[in-house]
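What follows is a set of notes on a single structure, which appears directly below.
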Amino acid sequence: MAASPRSDKPFLSDIKTIRKRARAHMERGAVTDSYTLDRATVLKLLNEALATEIVCVLRYKAHYYLAAGINAKSVAAEFLEHAAEEQAHADTIAERITQLDGTPNFSPEGLSGRSHSEFVVPDDLASMIEENLVAERIAIDSYREIINYVGDRDTTTKRLLEGILAVEEEHAEDMKTLMENFGQKGEPAKPGRSGRKK
Ligand SMILES: [Fe+2]
Ligand SMILES: [Fe+2]
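Residues 1 to 198, numbered by the UniProt record's numbering, are exactly what the sequence shown covers, in order.
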């Protein structure tokens, strides 16, 4: 390492100080004095991510139940799998919010306003896949931004979000592959449906 320490302060606080600090503010649980990020901002960002994940669950579920055509079976299965993974992301984020002494916001009120991605349910398969790809790309961008903001000042949140980001990238890739293989624009997801938009 080229960097030299800027002061002769020891790298670790002495054990006495660490123990004293741990005993103070015990009501904060995992949040200790060495947490230097603005917690309110982190909690706000995490609650937005939570809302985004919930909207993603709802969107994938809506698409799953709508996509019932012969051509859509494997696409629907993919939607269902993604819905389950988005649910797992929502749970992971909610758990982290709790650890940071915040309250996960599961309220349906204002949900779509807090979410980065949108709830769009088109009638045709190709548009569904396209909407999901758009939503995944939004999720990828916002997770990347949050990860950059959090940086090394909250490595647990960072690591957790990096794990989620990797899955969102897989989701986007899955949707891209589906887009190449399935559905022409205007082809109804369910036989007998017209191009009715919701
Ligand atoms: Fe997700
Ligand atoms: Fe996703």
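Positions of the beta carbon are idealized from the N, C-alpha and C atoms, including for glycine.
Can you have a look at residue i and say buried or exposed, based on whether 16 or more other CB atoms are within 10 angstroms of its CB?
i, result
"Met26", "exposed"
"Arg19", "exposed"
"Glu86", "buried"
"Pro5", "Below a pLDDT of 50, predicted positions are generally treated as unreliable, and Pro5, at 47, falls in that range; the measurement from the model is reported next regardless. Exposed is the call here."
"Arg196", "Note that Arg196 scores a pLDDT of 43, beneath 50, so its modelled location is shaky and nothing firm can be said."
"Ser107", "exposed"
"Ala84", "exposed"
"Asn132", "buried"
"Ile15", "exposed"
"Asn181", "exposed"
"Arg28", "exposed"
"Asn148", "exposed"
"Thr52", "buried"
Ends of the alpha helix (DSSP H) at residue i?
i, result
"Asn132", "125-150"
"Phe79", "73-99"
"Ser112", "111-114"
"residue 231", "A query on residue 231 cannot be resolved here, the shown segment of the chain reaching from 1 to 198 and no further."
"Val55", "39-66"
Starting from the Cα of residue i, find the closest Cα among the options and give me that residue.
i, options, result
"Ala76", "Ala90, Ala88, Asp91, Tyr60", "Tyr60"
"Ile138", "Ser127, Ala172, Gly29, Asp123", "Ala172"
"Asp152", "Ser34, Ala30, Ala22", "Ser34"
"Gly69", "Glu81, Gly110, Ala83, Asp123", "Asp123"
"Gly110", "Lys16, Ala72, Leu37, Leu50", "Leu50"
"Ile129", "Leu66, Asp141, Ala94, Glu145", "Leu66"
"Ala166", "Tyr149, Lys176, Ile140", "Ile140"
"His89", "Leu125, Thr177, Leu161, Met175", "Leu161"
"Ser142", "Lys44, Thr36, Arg23, Arg21", "Lys44"
Quick check: does the Cβ of residue i come within less than 7 Å of any heavy atom belonging to ligand 3?
i, result
"His63", "Only ligand 1 and ligand 2 can be found as ligands here, which leaves ligand 3 out of the picture."
- Could you name the residues, in chain order, whose CB is less than 7 Å away from a heavy atom belonging to ligand 2? Cys56, His82, Glu85, Glu86, Glu136, Ala139, Val167, Glu168, His171
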